[in-house]
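> Before I ask anything, let me first share the structure, which is written out below as structure tokens.
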Amino acid sequence: MKVNTNKVRFAKNQQEAYNFLLDMKNYEQLMPEDTKSFEVHETGNGFTVGVGALPKVGMRLKESIEPSKIVFESPAPAFEYTLTIDIDAINENSSEVALDFEGNFNMMIEMMAKKPLTSFIETIAENLGKIK
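Per our numbering, the sequence shown runs over residues 1218 to 1349.
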């Protein structure tokens, strides 16, 4: 299952955007309104979020390439997914950010999760575009 967002204009230059997105605490302000819980992992290298009808979703930092890419992965071996964030420079005041979610789920889970996961990823991208 793949969910790709359109590039979103972010009011920070590429390096500032990278630094912002590498700080796990900043993801709380990007979450949908129906977020029930948000916890940064003790290591500071990931977070767990509970949103709407979805079960809690965990994200763990897998790799980062300064200042253009951040990749998260599932912290649970039972669910295989990644969220890749690409950051492209536009000018000294802004950048473009794209989020690409890729999950390897069985057909039943994919059918149930596709719509809420798509909405979740798109909301993060939309909220990123609102940050000043």
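Built from N, CA and C at the ideal position, the CB exists for glycine as well. Values in this document were obtained by computation on a predicted structure and should not be read as measured data.
Taking 7 Å as the limit between beta carbons, can you name the residues of its chain near P1292, skipping five residues before and five after?
Closer than 7 Å at the Cβ level, and outside the excluded window around P1292, lie G1263, G1275 and R1277.
> Go to A1342, then tell me how far its alpha helix (DSSP H) extends in each direction, as first and last residue.
Taken as a continuous stretch (DSSP letters only), the alpha helix (DSSP H) holding A1342 covers M1324 to K1347.
> How long is the line joining the alpha carbons of Y1244 and I1338, rounded to whole angstroms?
Computed Cα separation, rounded: 12 Å.
> Among G1267, F1237, L1239 and Y1235, which one has its Cα closest to the Cα of E1250?
It is G1267 whose Cα lies nearest to the Cα of E1250.
> Taking DSSP's pairing of strands, which residues face K1219 in a bridge?
DSSP output for K1219 lists E1319 as bridge partner(s).
> Is it true that the segment 1310-1321 meets the segment 1221-1228, where meeting means three or more beta-carbon pairs spaced less than 8 Å apart?
Output reads yes: the segment 1221-1228 touches the segment 1310-1321.
> Let me know if Q1246 comes out buried or exposed under the rule of 16 or more other beta-carbons within 10 Å of its beta-carbon.
The residue in question, Q1246, is exposed, as its Cβ has fewer than 16 Cβ neighbours within 10 Å.
> Given 8 Å as the limit, tell me if E1313 has its C-beta closer than that to any heavy atom belonging to the ligand NAD.
Absence of the ligand NAD from the depicted structure is noted, as is the absence of any ligand whatsoever, leaving it without description.
> With DSSP run on the structure shown, which of helix, strand or coil describes K1273?
Here K1273 sits in coil by DSSP.
> Nearest by alpha-carbon distance to A1234: which of H1258, I1302 and N1221 is it?
Among H1258, I1302 and N1221, the Cα nearest to that of A1234 is on I1302.
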